[in-house]
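Protein chains in written order, with full-length UniProt numbering: chain A, 1 to 365; chain B, 1 to 365.
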C-alpha cells in the first residue's frame, strides 16, 4: 500500500503535491484553545452550550481545531472572565454581557435589560437588524470579538416568602437580584442584594432575604426554593430573552483562517439553538414538579409591572444622556423592539393565545 | 519556491507524505452536489436559505464540498422534488413536508398541521424531544435523510374579498388553500381550491375565488392582494410554525465523512435560524405598508377558531385510526405541544402580553 502510493506520487508529479502542502497547512492549522464558561456545571444547560460548541468545532475540523471547555472557577471565576479573555489568559469565554454591567451598562444591552424583547426578536435584531455589528464595534474596546451563543428564554420573576400584590409590598423587601434589574427594583422601594447561588437557600430560610431570582423552573428546581419561599412570580420582566455570547480574544479571532471563523459562527448558532431548545423542553416537567412540591404561581400585578416599566425607562433615559455607547445600542434595540411587537401581536401572539385557551378548555387534548 | 518545497519534501521523507495523502482524501473529499429548492427565487427569504446553506458548506470546507442551489423548476418543479431526491436525480432538496401530503399525511406533520405549536416549541420537539429521530425513521421509506432547515413563523390567515365573521360566512367560500388545512376548511363548509401562486391575483380580482392564503406580510406584499381582497385575517391557525427541511438522498448522506455530516447539520441550523430572523425582521415594515395600501386586519372569530379546532382534531383521530405512521408522529407532537403550552403560558406569554400592552399604551415608546 505504502509503496504503491509512493510510486503514484512520483508518477503524478511530486512538485504538485509538494506545492499544495503549505496551502493545506495554512487553511487547516492545528489549534488548541481553552474556553472558560461563566457557568458552573450545575447549570448544565448553560454550561452544556460550551461542550456542544467545542464538540462541533472538533468534529467539523477532523480534530484539528480543539477547544477545551472549563466550568466557572476552574481557570477563572465568572467575575474575572471578561478580563481573562481581554488579556489573553484564555482564548474564549461563554457568558452574558450583563454579568459585567459594573464596567459599563452597555454590556447589559448585549444580553438583556428590563422590558426589552423576546428570543426571536433578539435573534432578528442581532443577525438581521444590525445588532451584532453594533455589539462587535462596541466590544472591540475590551479587545474581544463576540458571537451569539444561546438564550434561556423568558426567565421567572423569582421566589418570594410572602405575596407581593402592590408597590407597598415591595417597600424594604430584601431581594436577591443583580444589575439594572436591581436598580429598577430599588427605585420601587426594594433593597437589592447580591448573594452567591449556594447561599440563597439558607438566607431565604432564615429570612435574611425576602426574595431571590435565579433562572426558570429547570434550574430553580435544583435549589429547592419552593420549601422556603413558595410564591413563584412571573414573568421575569428584566429577562425576557437573556442572550449569552461566546467572547473570543480579538487577535486570536483575527488570526483564524476563514473556514475556522465560519465554523465557529455556525457552531455557536447550533449550540445556542440547542440551549434554548433544552430549556423549552425541560421547563414544563420541572414546573409541574415545582407546583407539586408546593410552589404557588403568581403573576406580577399590573401596578408593579407599570411602575417597573416607568422606572426602567427613566434609567434608560438617564444612562443614554451620560453614555453615548449605551444610547447608540439602546436606541437601536428600542426601535427594533417596537416594530417587532407591532407584528408579533398579530399572528404569533394570537396563535399562542388560542393554543393556550384551547389547552385549558380541552384539558390539553 | 517550488524547488525549495520539492527539496523539503524529499528531506522530510516522501513516504510519510504519501501515506498521509489517502487519509486527507478520505476526510476531506471533493464533492459537488445539486440542491433543488422547492421555492421560487421570488420567495427570496425561503429560497435564500439554500444559498446560505451552500455558502456555509463551501466556506467551512475550503471549497471542497460544493453545493449548487437551484430554484424550483430549474431542475425539477416543487411537486416532483421529493421524487427527485428519492431517486437520486438531485442530491438534496429544501422544502416543507406538507407539500407532499398527497403521498402520506405523515409528511405534513414534519412541517406543520393546524393548531400545533410555535417555532421554539417545534425546534425543542425536533432537537431535544426526539422529533427529528422520529422524522428520520419515517422518511427512510422515501430513501432520504432530513435536517431541520428553517421556519417562517406563524403565517397569516389569508386575504378575503368579504368579512368572515361566522361559520355561515364560510359556506361555499372558494378558498385557495392546500393540504390538511383545506380539509379542515372543507369540513366547515368552504370549498378549498388549488391555484398556482401567479394565478391568484386575477382569480381574486374576477371573483373566481373568494379568498387566498399565501405566507405573511413580507411575501404577501409582493403579490398585491390588498387591492382585490382587502380583509387580511389572522392567525393562520393551520401554520403556527411551518418547518422546512433539507432532504438528502440516503446513500449520499451515509457516504459523507463524519465532518461533512456535522457541517451540513450546523449549516442547516444557522440557515434555518437566519430564515426565521429575516421574516421576523422584515414582516413589521411590510405589515405597515400593507395597511397603508388598504389591507384591513381582522382576527378570526372565536366561533370559527373553535369549529376549525374541532374539525382538525376529528381529522387527526381519523388519520390516526388508519395510519400508524401518522399516529406515532402525531401522538408525539400532541403530547409535547400540550406540555410546552403549560410552560409558555407562564413566563413567555405574559412577558409578550405586557410588552404588547405597554407598546399600545405608550405608542411604542
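By construction, the Cβ of each residue, glycine as well, lies at the ideal position given by its N, Cα and C atoms.
Note that the structure is a prediction, hence the values are computed from the model and not measured.
Taking all protein chains shown into account, do 16 or more other C-beta atoms lie within 10 angstroms of the C-beta of residue i, making it buried, or fewer, making it exposed?
| i | result |
| --- | --- |
| residue 348/A | buried |
| residue 335/B | exposed |
| residue 360/A | exposed |
| residue 366/B | Because chain B spans 1 through 365 in this model, residue 366/B falls outside it and cannot be assessed. |
| residue 172/A | exposed |
| residue 280/B | buried |
| residue 206/A | exposed |
| residue 352/B | buried |
| residue 293/A | exposed |
| residue 72/A | buried |
| residue 32/A | exposed |
| residue 229/B | buried |
| residue 141/B | exposed |
| residue 258/B | exposed |
| residue 79/B | exposed |
| residue 321/A | exposed |
| residue 102/B | exposed |
| residue 217/A | buried |
| residue 114/B | buried |
| residue 255/A | exposed |
Going by beta carbon distance, what residues of the same chain come within less than 6 Å of residue i, once the five residues before and after it are set aside?
| i | result |
| --- | --- |
| residue 121/B | 340 |
| residue 239/B | 112, 155 |
| residue 310/B | none |
| residue 260/A | 65 |
| residue 313/A | none |
| residue 105/A | 319, 326 |
| residue 174/B | 191, 193, 209, 210 |
| residue 96/A | 111, 242, 244 |
Work out the CA separation of residue j and residue i for me, nearest whole Å.
| i | j | result |
| --- | --- | --- |
| residue 157/B | residue 89/B | 35 Å |
| residue 185/A | residue 209/A | 14 Å |
| residue 182/A | residue 137/A | 27 Å |
| residue 371/B | residue 363/B | Any answer about residue 371/B is impossible in this case: the structure gives chain B only from 1 up to 365. |
| residue 150/B | residue 162/A | 44 Å |
| residue 147/B | residue 133/B | 10 Å |
| residue 108/A | residue 332/B | 39 Å |
| residue 179/A | residue 100/A | 9 Å |
| residue 38/A | residue 253/A | 20 Å |
| residue 47/A | residue 145/A | 20 Å |
| residue 177/A | residue 291/B | 43 Å |
| residue 197/A | residue 282/B | 41 Å |
| residue 127/B | residue 277/A | 7 Å |
| residue 34/B | residue 192/A | 58 Å |
| residue 358/A | residue 306/B | 8 Å |
| residue 131/B | residue 337/B | 12 Å |
| residue 317/A | residue 323/A | 10 Å |
| residue 45/B | residue 273/B | 12 Å |
| residue 168/B | residue 190/B | 10 Å |
| residue 200/B | residue 226/B | 12 Å |
| residue 251/A | residue 87/A | 11 Å |
| residue 62/B | residue 27/A | 7 Å |
| residue 378/B | residue 143/B | Only positions 1 to 365 of chain B appear in the structure, and residue 378/B is not among them; the question remains open. |
| residue 84/B | residue 93/B | 8 Å |
| residue 343/A | residue 350/A | 11 Å |
| residue 56/A | residue 270/A | 9 Å |
| residue 40/A | residue 214/B | 47 Å |
If residue i and residue j are in contact, beta carbons under 8 Å, what's the gap, nearest whole angstrom?
| i | j | result |
| --- | --- | --- |
| residue 267/B | residue 266/A | 6 Å |
| residue 242/B | residue 152/B | 5 Å |
| residue 248/A | residue 91/A | 7 Å |
| residue 275/B | residue 49/B | 4 Å |
| residue 159/A | residue 124/A | Their Cβ separation, rounded to whole angstroms, is 32 Å, which puts residue 159/A and residue 124/A out of contact at 8 Å. |
| residue 245/A | residue 110/A | 6 Å |
Chain D partners of residue i, CB-CB under 9 Å?
| i | result |
| --- | --- |
| residue 206/A | The structure shown contains no chain D; the protein chains it does contain are A and B. |
Please list, in chain order, all residues of the same chain as residue i whose beta carbon is under 8 Å from its beta carbon, the five residues on each side excluded.
| i | result |
| --- | --- |
| residue 166/A | 301, 303, 304 |
| residue 58/A | 65, 66, 67 |
| residue 74/B | 36 |
| residue 170/B | 164, 185, 188, 189, 190, 304 |
For residue i, which residues of its own chain have a beta-carbon under 7 Å away from its beta-carbon, when the five flanking residues on both sides are left out?
| i | result |
| --- | --- |
| residue 21/B | Only weak support exists for where residue 21/B lies, its pLDDT of 40 falling under 50; the value from the coordinates is given anyway. Nothing meets the Cβ criterion. |
| residue 42/A | 222 |
| residue 315/A | 180, 183, 184 |
Between the region 223 to 239 of chain A and the region 290 to 297 of chain A, do at least 3 Cβ pairs fall closer than 8 Å? yes
Count Cβ pairs between the region 276 to 293 of chain B and the region 215 to 227 of chain B that sit closer than 8 Å; are there 3 or more? yes
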